Every structure is written in C-alpha cells, then in structure tokens.
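Remarks on the structure that follows.
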Amino acid sequence: MITRDDPQRARALTALDQTLLVEASAGTGKTSLLAGRVAMLLADRKQPSSIAAITFTERAAAELRQRVESFCDRLIARNIPPDLSPAFRENPLTDAQVAALGSARAQLGEMTTGTIHAFCLGILQSYAIEARIDPGASVMDAEQTTLAFESVLTAWLSESLGEDADPADPIAIMAAENPTRAVKLLRSLAEFRRSHPDARPRPAPSYSDAAHDFVDGVTEFRRWISGQSAPDSAVADLVELEA
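For the record, in the sequence shown the residue sitting at position 109 is 108 according to numbering that gives the first Met the number 0, with numbers rising by one throughout.
Shown next as structure tokens:
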C-alpha cells in the first residue's frame with residue numbers, strides 16, 4: 000500500500016548522507032521510521048558502534064532496539080517489513096545489503112540506543128575527571144528525584160527554622176508568627192521552583208524618576224520654609240528628609 004507521505008518516508012529511510020527533521024503526530028510511526036533508518040544505515044555498511052539512536056524514555060529506547068533487531072532479521076530473510084517498503088520501491092534489496100546486515104546483526108549490542116539522559120551520562124562518565132563527577136554516578140528516575148528533593152527541602156527547613164536558626168534571618172522572621180503557614184508557603188515556593196526551573200522574578204520597577212522628583216520637592220520645600228515662621232518640629236522633619 001502506498002500512502003500519501005510515501006515519498007517523504009522513502010527520503011527519511013534512504014537519504015543517509017543528509018540531516019533530516021521529521022515532524023509528525025503521535026502514533027504515526029516515528030519510532031518505526033527511526034528504526035528503519037538505523038537498519039538502512041547498517042545495510043549501507045555502517046558499523047553499529049558508530050550509530051547513536053537517542054530517545055526520551057526508557058520504554059521508547061527498548062522499543063527502538065527491538066524494532067531495529069526485527070527489521071534486520073526480516074531484511075536478512077528478504078522479508079521486507081511494510082514500514083520499510085518505501086525504501087525499496089525503486090531500488091530492490093540487494094545481496095550486498097543483506098550481507099552487510101548479516102555482518103552487523105551480531106554487533107547490534109555495540110550500538111548506542113537509549114535515552115538522552117543515559118547518553119549524556121555515558122559521555123560524562125567517559126570524562127569523569129574533567130567533568131569532576133563520580134564515575135559511578137547514575138541517572139535518577141522520577142521517584143528517586145522526588146525523594147532527593149524532599150530530603151534536601153526538609154533539611155533546609157530544619158536548618159532555617161530550627162533552634163539554631165539565625166533569628167535575624169528573613170525566613171525565621173517570617174515564620175515567627177505562624178510557623179505552620181510559613182512551612183506551607185516555603186514548600187509551595189520550592190515545588191513551584193522545581194516545576195519551573197527557568198522562572199525568574201519580574202524586573203524591579205525603576206524609581207529613578209520618582210526619586211529625582213522627591214529630591215526636587217524637598218529642595219523646593221526647603222526654599223519655601225526658609226521664608227516662613229515654621230515650628231521647630233517642621234524643620235526637624237525637613238532635616239530628616241534631607242539626610
């Protein structure tokens with residue numbers, strides 16, 4: 000069956016010397032297309048160790064590995080999968096491609112297939128000394144991340160609001176009247192910050208014009224009051240404003 004986007008799929012599978020961007024809705028076969036492109040790279044005698052197929056989730060990475068293996072096995076058996084048929088409409092599968100796939104099949108374990116986090120971690124571990132990280136570091140999953148967040152937040156709250164807290168600390172001052180409300184507010188702010196790491200406060204308004212107007216007003220008031228019989232308290236207030 001030929002689909003409306005058959006030419007685009009064929010290009011994605013066969014234009015191996017080009018950098019391509021594929022945009023499509025969920026469930027339209029992007030993972031199959033990526034797996035097919037990997038299979039076609041292998042058929043073009045590219046070494047598995049030179050290929051990196053990166054996804055965003057472990058589930059997608061596992062699915063991608065399975066599909067690459069399945070596509071290779073079917074092509075070796077000369078049973079072209081429907082998802083790869085656009086690549087062979089004009090140029091049939093050749094003996095050289097089958098031989099290349101057969102040679103690469105046993106080396107698929109050398110191909111990098113995983114999440115972007117795992118890929119980056121692998122690079123950091125390879126240069127652990129330069130990156131100044133523990134070579135045994137690992138990527139935390141969602142549950143581990145939440146536990147770490149709670150641990151750090153709880154320790155910080157204990158330090159900021161405990162018996163040894165600095166009484167002049169703004170956090171301690173805020174919590175003095177209603178500690179429960181303060182903890183609830185601080186936790187809410189921390190969770191918001193975690194969910195929106197790029198959030199920034201609004202720029203502070205500029206008071207330069209108002210400050211100049213105030214200084215001019217005080218100066219004008221000084222000129223006026225100098226010619227008046229003003230009470231001492233008014234003069235004292237003016238001196239305080241000018242300080």
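Heads up, the beta-carbon is just placed ideally off N, CA and C, and yes, glycines get one too.
Please read all numbers here as calculations on a predicted model, not as lab measurements.
Notebook entry, point to check: Taking the alpha-carbon positions, what's the T144 to H195 distance?
Noted result: 15 Å
Next item on the list: Indicate whether at least one CB of chain D lies closer than 9 Å to the CB of S24.
Entry: Here there is only one protein chain, and chain D is not present.
Check: Around the C-beta of T112, are 16 or more other C-beta atoms found within 10 angstroms, so that it is buried, or is it exposed?
Finding: Counting of Cβ neighbours within 10 angstroms places T112 among the buried residues, the total reaching 16 or more.
Check: Between R88, F70, E89, which lies nearest to P80 when the distance is taken from Cα to Cα?
Finding: Residue F70 is the option with its Cα nearest to P80.
Item checked: Span separating the alpha-carbon of A105 from that of D72 -> 11 Å
Check: Taking the alpha-carbon positions, what's the A9 to P85 distance?
Finding: 5 Å
Note to self: By alpha-carbon positions, which one of S150, T13, L20, I115 ends up nearest to P91?
What the structure shows: T13
Item checked: Selection from R44, S48, A103, L15 that minimises the alpha carbon distance to L33 -> L15
Next item on the list: Identify whether I53 lies in helix, strand or coil by the three-state DSSP scheme.
Entry: strand
Checklist line | Straight-line gap, I53 to Q65 (C-alpha atoms, nearest Å) | finding: 14 Å
Item checked: Three CB pairs or more closer than 8 Å across the stretch 174-188 and the stretch 145-162 -> yes
Checklist line | Three-way DSSP call (helix, strand, coil) for T112 in this model | finding: strand
Notebook entry, point to check: Which residues in the same chain as R77 place their Cβ atom closer than 8 Å to its Cβ, once the five residues preceding and following it in sequence are excluded?
Noted result: L92, V97
Note to self: Which of the three DSSP states is assigned to D215 in this structure?
What the structure shows: The answer is helix: DSSP assigns D215 an H, G or I state.
Note to self: Measuring only the C-alpha atoms, how far is W223 from L237?
What the structure shows: 11 Å
Note to self: To the nearest angstrom, how far is the alpha carbon of E142 from that of R131?
What the structure shows: 25 Å
Check: Fully enclosed by the stretch 25-69, which alpha helix (DSSP H) runs are 4 residues long or longer?
Finding: 29-42
Check: When the Cα atoms are used, what is the spatial distance from R186 to Y126?
Finding: 36 Å
Notebook entry, point to check: Under three-state DSSP, which class holds P81?
Noted result: Helix, per DSSP.
Item checked: Opening and closing residue of the alpha helix (DSSP H) in which R10 lies -> Counting along the chain, the alpha helix (DSSP H) containing R10 begins and ends at 5-13.
Next item on the list: For S31, count neighbouring Cβ atoms within 10 angstroms of its own Cβ and tell me buried if that reaches 16, exposed if not.
Entry: Buried is the call here.
Item checked: Inter-residue spacing [alpha-carbon to alpha-carbon] between H211 and M173 -> 33 Å
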